[in-house]
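Notes to accompany the following structure.
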Amino acid sequence: AGRRRETGRTVRSTLLKEARVVVGRAARCVLTELKSPATNCRSMVGKVDCEKNSMSQYEYDVAVIGGGSGGLACAKKCAQLGKKVVLFDFVKPTPQGTKWGLGGTCVNVGCIPKKLMHYAGLLGETISDARSLGWTTLGGKDTKHDWETLVSSVQDYVRSINFGYKVELREKSVDYKNEYAKFLDAHTIESTNKHGEVQKTTAEYVVIAPGGRPRYLGVQGDKELCITSDDIFSLQRNPGKTLVVGASYIALECAGFLTALGYETYVMSRSIFLRGFDQEIGEQIGTYMEKHGTRMIRRCTPVKFETVEGDEAGEDGNENGGRVKCTYKNLDFGFEASEVFDTVLLAVGRDACTSTIGLESAGVVVSPSNNKVIVDEYDRTNVDNIFAIGDAVDTRQELTPVAIKSGERLAERLFGGKPELKMDYNTVPTTVFTPLEYGCVGMSEELATEVYGEENIDVYHSYMKPLEWQTNHEMHDEKKGVMHREDNVCFAKMIVHSKEDERVIG
């Protein structure tokens, strides 16, 4: 424990020459250890520091597959604890050609750009608040938003984070390889760079943290004509009239900021909003969005997507040389209808990136239902030296802070002398950045009812109007009588166990 292994760009001939100018015991050490292939030496001016790693048959102590939040956190912590670490990360472009740098989903195509675009939408909504508080020269009906400026600013910031991550890895002596990695066996990884060059790497321990990517529908034209959350934050043209397919938090978040930025936005949902979250709140969020400009196409699913141009495209088409015609089916009555859009964004779920990294070669078991890696409470797979963290793990929350803490605690268990330092995945708070932001922790009402029984829970709730909204009396939709800042649309809810002194459970 606590060994330091150092590597240098040295070869046998160079070391032999340097050894001649080193006197005494250090020289004898160099010449002796050259006989062993397991020796790692670094030659420096006036000093030769050599260490024999005869106890290890592997090039690295730890190999991490995936440079997202969890993988980065684990790699840096392992290196901090004195281990020799390599991290592999490679982004395969989307069908639209979008790719990005080090940092994974959150930094590049998730939390960070999403929150900035959400904030941009909130700024537009608060203009009328500002007018009510004395900012009389702001905008009005002539206020316009420039999509290109937004994308440029967001991407500049994202690239700065990418660069910062590379610097951190270098400072902590983590070997970063921009290569696509897959298992050959439990200790051997084959990696391929962008030029197609292949190399093999061995490690005593391997941490799987490849994350996930957006799912496609599997219907005509989906990959060719639609984008996903992997594309929207770097889209080089304004999205125009947009269809968002799905009712997940990603779908509603994207639809929310697109509506707030002034784009005609539709949401096509197959069933309920925010599956997995509290359904009373999910329905309230959907209703609020609909009243404030997002058009909902409920109980429908796309059948095919086609490019249309000329008269069929209507209006002006878009800069990509045509618009997208979505033919969809109503699930209740079976009829089909169609609508033409400038942009179609699919947000119908995500798949773990596990099918092409050779897990079968290492003997790692995945869930047959979702292809996610199965682990125990210590994040260990069925293979003793292989662990998994982050979005590609079964029954784990797909949240950046969860992945970060999982990675750090895994490193502490393995190398920090804290074998029992586990994660508690049961009470993790999370936020959904819809126009009405939604924060929650613990159980939804549905889950609490299932676990404890309806007779054993009580629900407290309250409607409110924030202080900051009280001075704004502008109308959002005069025809429908919808205020820009409505009364009683903000909502708080607390679920308690009535038989346990009203212990709060959600």
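Counting in our numbering, the final residue of the sequence shown is number 645, and the numbers go up one at a time with none missing.
Positions of the beta carbon are idealized from the N, C-alpha and C atoms, including for glycine.
Note that the coordinates shown come from a computational prediction; the quantities given were computed from them, not determined experimentally.
1) Looking at T331 and E198, is the spacing between their C-beta atoms short of 8 Å?
2) Would you call the CB atoms of N648 and V297 closer than 8 Å?
3) So Y577 and I420 are in contact, right, with Cβ under 8 Å, and what is the actual spacing, rounded?
4) Please classify F554: does DSSP put it in a helix, a strand, or coil?
5) Quick check on DSSP: helix, strand or coil for L560?
6) Is I634 helix, strand or coil by DSSP?
7) From the DSSP secondary-structure annotation, give me the bridge partner or partners of S601.
8) Find the nearest neighbour of V580 within the set M428, V201, V571 and V567, judged by alpha-carbon distance.
9) Just mark S387 as buried or exposed, buried being the case when its beta carbon has 16 or more other beta carbons within 10 Å.
10) In three-state DSSP terms, what is E639?
11) According to DSSP, simplified to helix, strand and coil, what is C492?
12) In whole angstroms, what is the alpha-carbon distance linking Y304 and L241?
13) Within 10 angstroms of the Cβ of S410, are there 16 or more other Cβ atoms? Answer buried if so, exposed if not.
14) Which complete alpha helix (DSSP H) runs does the stretch 244-296 hold, if anything under 4 residues is left out?
15) Do you know offhand how far K604's Cα is from N627's?
16) Classify T482 as buried or exposed, calling it buried when 16 or more other Cβ atoms lie within 10 Å of its own Cβ.
17) Which residue's Cα is closest to the Cα of E475: C439, W286 and F227?
18) At the level of alpha carbons, what is the spacing between T404 and V313?
19) Going by C-alpha distance, which of E336, E594, K216 and S271 is nearest N611?
20) Would you mind sorting D361 into buried or exposed? The rule is 16 or more other CB atoms within 10 Å of its CB.
21) Which residues in the same chain as L560 place their Cβ atom closer than 8 Å to its Cβ, once the five residues preceding and following it in sequence are excluded?
22) Measure the Cβ-Cβ separation of D370 and T237 and say whether it is below 8 Å.
23) Can you look up V337 in the DSSP assignment and give me helix, strand or coil?
In this structure, then:
1) Residue 198 sits at position 59 when you count from the first residue of the sequence shown. Residue 331 sits at position 192 when you count from the first residue of the sequence shown. For E198 and T331, no; Cβs fall outside 8 Å.
2) Nothing can be reported for residue 648, as the shown portion of the chain is limited to 140 through 645.
3) On the sequence shown, position 438 is the one that residue 577 refers to. On the sequence shown, position 281 is the one that residue 420 refers to. Right, their Cβ atoms sit about 6 Å apart.
4) Locating residue 554 in the sequence shown gives position 415, where the first residue counts as 1. Helix at F554.
5) Within the sequence shown, numbered from 1, the residue matching residue 560 stands at position 421. The answer is coil: DSSP assigns L560 none of H, G, I, E or B.
6) Along the sequence shown, read from residue 1 onward, the residue named residue 634 stands at position 495. Strand at I634.
7) On the sequence shown, residue 601 is found 462 positions in, with the first residue counted as 1. Looking at the DSSP assignment, S601 forms a beta bridge with A631.
8) For the purposes of this step, residue 580 is taken as residue 441 along the sequence shown, with counting starting at 1. When each option's Cα is compared against that of V580, the closest is V567.
9) Counted from its first residue, the sequence shown places residue 387 at position 248. The residue in question, S387, is buried, as its Cβ has 16 or more Cβ neighbours within 10 Å.
10) Here residue 639 is taken as the residue at index 500 of the sequence shown, counted from 1. Coil, per DSSP.
11) To locate residue 492, count along the sequence shown from 1; it is residue 353. Three-state DSSP puts C492 in coil, outside helix and strand.
12) Looking up residue 304 in the sequence shown gives position 165. Looking up residue 241 in the sequence shown gives position 102. Looking at the two C-alpha atoms, the distance is approximately 7 Å.
13) By 1-based counting over the sequence shown, the position of residue 410 is 271. Flag for S410 reads exposed.
14) 250-264 and 266-271
15) For the purposes of this step, residue 604 is taken as the residue at position 465 of the sequence shown. For the purposes of this step, residue 627 is taken as the residue at position 488 of the sequence shown. If I take the Cα positions, the gap works out to 6 Å.
16) The residue you call residue 482 lines up with position 343 of the sequence shown. Per the 10 Å Cβ criterion, buried.
17) Residue 475 sits at position 336 when you count from the first residue of the sequence shown. It is C439 whose Cα lies nearest to the Cα of E475.
18) Mapped onto the sequence shown, residue 404 falls at position 265. Mapped onto the sequence shown, residue 313 falls at position 174. Answer to the nearest angstrom: the Cα atoms are 44 Å apart.
19) By 1-based counting over the sequence shown, the position of residue 611 is 472. Measuring from the Cα of N611, the nearest candidate turns out to be S271.
20) What you label residue 361 is simply residue 222 of the sequence shown in a count that begins at 1. By the 10 Å Cβ count, D361 comes out buried.
21) As a first step, residue 560 is located in the sequence shown; it is residue number 421 there, counting from the start. Taken in chain order, the residues that qualify are R548, E551 and R552.
22) Here residue 370 corresponds to residue number 231 of the sequence shown, with the count starting at 1. Here residue 237 corresponds to residue number 98 of the sequence shown, with the count starting at 1. Their beta carbons are under 8 Å apart, which means D370 touches T237 by this criterion.
23) Position 198 of the sequence shown, counted from the first residue, corresponds to residue 337. DSSP places V337 in strand when its eight states are reduced to three.
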